[in-house]
RNA sequence: GUGGCUAUAGCUCAGUUGGUUAGAGCAUCGGUUUGUGGUACCGGGGGUCGUGGGUUCAAGUCCCAUUAGCCACCCCA
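Residue numbers (my numbering): 2 to 490.
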C-alpha cells in the first residue's frame, strides 16, 4: 500500500508548480501582468520581527536565566497588560520625554478610551501595586516580569518597535542596600548568561537637587550656547540634562568643565549614594562613576545606573578590580568584544523612583527602585560573542515503525514511553526506515527503537544505539525498564 | 523625524562596460539501498532579481519613486 502511494504522489506534486510559473511568465508580455493587486506581498511591519524556531534556543536560555535569578533574589512574578490608559504613561514617564512625545503607540478604542501599548513596565507594575493594595504586604514588595514592549522608534540592529525586557521592581523601601542588591542581580544575571558588562552609575538626587543642578548647568552653558551642537541648543530649554549625553565633540569639550550633579546632592541623597557604592564595593561589583549618566525618563531620582557591554579598553586598561577579570575570564572573550560592533552597547539600566508611586495615587512617600534589561540586545550580544549555550535537550529515543500493524502498536507504545518519563519522539507519517533513522539522527536521539513486522510477530523490539551503531533485540515488556536503566546516566 | 548604504532561490552569496533559457554552496525532496541514519554518488523542485514606473531594439545591470533592512544622527532596551 505504502509503496503504491509514493509513486502516485510524485508526478502530481511536480507538475502543478511549473504550470503556475509558466502562466505568470507568459502573462507578463500581453501587459496584463498585474490584474490582481492582491498579489501584493504581505510582510512584517517595520520594526517587527518573527522569532523563528532556530532562534528559540537563545530565548529559552535567557528566559531560563531570568527566571532562575529572579527566584534566587526573592522576586515574585507579576504580569501586567500590554495595553493601559494613555494617561498612566504620560503622567509617569513624563511629557517632554521622547518616549512619550514621539514613540508611543497610542490609539482610541471603540469605547473611545485613550489607550497606549506599554513602552515600559514600571508604570504598569506601580499601578498594579497600588490597585491591589500591595502596600499592605510585608515591605518591600519585589516584583519581576518579562514581555513585549512597544516603541514607535526608527529600527536599527538591536532596536525594534516591539521588543522584550526583563524587569524588576522593589517597592516600599528606601534602603540603599536594595539599590545595590538590584544592581548586583543585574550584573550577575548578565555575567551568568556569559556577557562581560560594566556598571555605570550616578545619582540624580531629589527633584529639588535636580532643579538646582539644571539651573547651574544652564548658567554654565549660557555663555557657550552658540557653540553647542544644534540638538543641544534645542534641548537647552526643553531638557538641558540631556545635553550631557551629546556625542558632539565640541559640546563634550565644553562640558568638561561643567558642574556635576553629585556636587548638588543634599546630605541625605549623598549619604544614600555613598552607601550604595559601599555595598557595591563590598559585593565586588565593578562600577564606574558616570557623572553624565542621566536617564531618559522623568521619574528617576537618586540612583541611576546602566549596564554596558564592556568595551575593550576598560577590560584591558585600568583594571577595574579582580571581579572584572573574573567575568571576562578567557582572553578570547576580550578579543571578541574588542572586534565586535556590539561593544559598548547598553543592555539595560534602571534607578530609583521614590516619587512615582505617590504620584500615581499610592501612599505618600512610597520609595522604589527598578531595573530593566533588553532581551533582544542580550541575545544579540550572546550571538555576537559566540557564547556557548547548552544544547537544547533532545529526545532520548526515536520510535521508528515499519508497516501498518507496527504503526498502530507504535501509537500506543509512544504513550507508554512518554508516561514513563522517557523523552520520546517519532514521525508516524514516514514509512521508510531510512527516513526515520535520518530523523532520529538529526534530533540526536540516543536510541532508536525499531518496530516492524518481524518484531510484531515475536513481540520484541530493536533498540539501536545511534552513536555506537550497535543494536539488540529485546522483549517489548522489558522495553521501558531497559530504557530507563540505559538512560539513567 | 534627518542623512547615507543595501535588496538576486529557504540561507550565504556570484552575476563581466545593459545582450540568448539568471548561477554556486548549504538546505530541501527523490534515487543508488521496497527493514538500517549521521559519509558518498546521481538526479529533481524551488527565482514575476523587494515593489511600481521610466530610458532602451534589449534592464538583475541605468534613472525615478516606494517599501524594508543596516549605519550615523536621535533615542534608548
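For each residue, glycine too, the CB sits at the ideal point set by N, CA and C.
- Look at the beta carbons and you see the stretch 106-114 not touching the stretch 165-173: under three pairs across the two are nearer than 8 Å.
- Residue nearest to residue 76 within the set 296, 202, 112, 182 is 182 (criterion: CA-CA distance).
- For residue 197 and residue 150, the gap between their C-alpha atoms comes out near 25 Å.
- Counted as a single uninterrupted DSSP element, the stretch harbouring residue 474 is not any alpha helix (DSSP H) but the beta strand (DSSP E) occupying residues 471-476.
- For the pair residue 52 and residue 142, the Cα-to-Cα distance works out to about 33 Å.
- Boundaries of the alpha helix (DSSP H) harbouring residue 214: 208-222, taken from the DSSP string.
- Under the DSSP assignment, residue 149 falls in the beta strand (DSSP E) whose first and last residues are 142-151.
- Comparing alpha carbon positions, the residue from 71, 468, 218 closest to residue 373 is 71.
- Remark: fewer than three beta-carbon pairs, one from each stretch, lie closer than 8 Å, so the stretch 230-240 and the stretch 266-273 are not flagged as touching.
- In this structure, the straight-line span from the alpha carbon of residue 158 to that of residue 96 is close to 27 Å.
- Residue 263 carries a helical assignment under DSSP once its states are collapsed to helix, strand and coil.
- Residue 57 and residue 469 have their alpha carbons spaced roughly 30 Å apart.
- Contact annotation, residue 124 with residue 93: C-beta distance approximately 4 Å; criterion of less than 8 Å satisfied.
- Of 90, 423, 195, the smallest CA-CA separation from residue 389 is found for 195.
- Between residue 126 and residue 98, the C-beta spacing is not below 8 Å.
- Residue nearest to residue 201 within the set 208, 214, 187, 193 is 187 (criterion: CA-CA distance).
- Put simply, of 445, 306, 122, 438 the residue whose alpha carbon is nearest the alpha carbon of residue 463 is 438.
- Taking a 10 Å sphere around the C-beta of residue 402, we find 16 or more other C-beta atoms and assign the residue as buried.
- The DSSP-derived three-state label of residue 348 is strand.
- If you compare the alpha carbons of 302, 49, 359, 456 with that of residue 161, the shortest gap goes to 49.
- With a cutoff of 8 Å on beta-carbon distance, residue 218 and residue 259 are scored as near each other.
- At the C-beta level, residue 410 and residue 457 come within 8 Å of one another.
- Judged by beta-carbon spacing, residue 206 lies within the 8 Å limit of residue 266, meaning their Cβ atoms are closer than that value.
- For the pair residue 130 and residue 422, the CB atoms are not nearer than the 8 Å cut-off.
- For residue 106, the secondary structure class from DSSP, reduced to helix, strand or coil, is coil.
- Within a 10 Å sphere around the beta-carbon of residue 397 sit 16 or more other beta-carbons, which makes this residue buried.
- Approximately 27 Å separates the beta-carbon atoms of residue 73 and residue 204; this is outside 8 Å, ruling out the contact.
- Under the 10 Å beta carbon count, residue 47 is surrounded by fewer than 16 other beta carbons and is classified as exposed.
- Buried is the label assigned to residue 166, since at least 16 other Cβ atoms lie within 10 Å of its Cβ.
- By the beta-carbon neighbour count (other beta carbons within 10 angstroms, threshold 16), residue 417 is exposed.
- Relative to the Cα of residue 474, the nearest Cα in the group 489, 486, 455 belongs to 455.
- Taking residue 190 as the centre and dropping the five residues before and after it, the same chain places the C-beta of 66, 67, 70, 167, 374 closer than 8 Å to its C-beta, in chain order.
- In the three-state scheme derived from DSSP, where H, G and I count as helix and E and B as strand, residue 85 is classed as strand.
- In the DSSP assignment, residue 449 forms a beta bridge with 399, 465.
- Where residue 165 is concerned, the enclosing beta strand (DSSP E) starts and stops at 163-172.
- Relative to residue 459, the option among 101, 135, 478 whose CA is nearest is 478.
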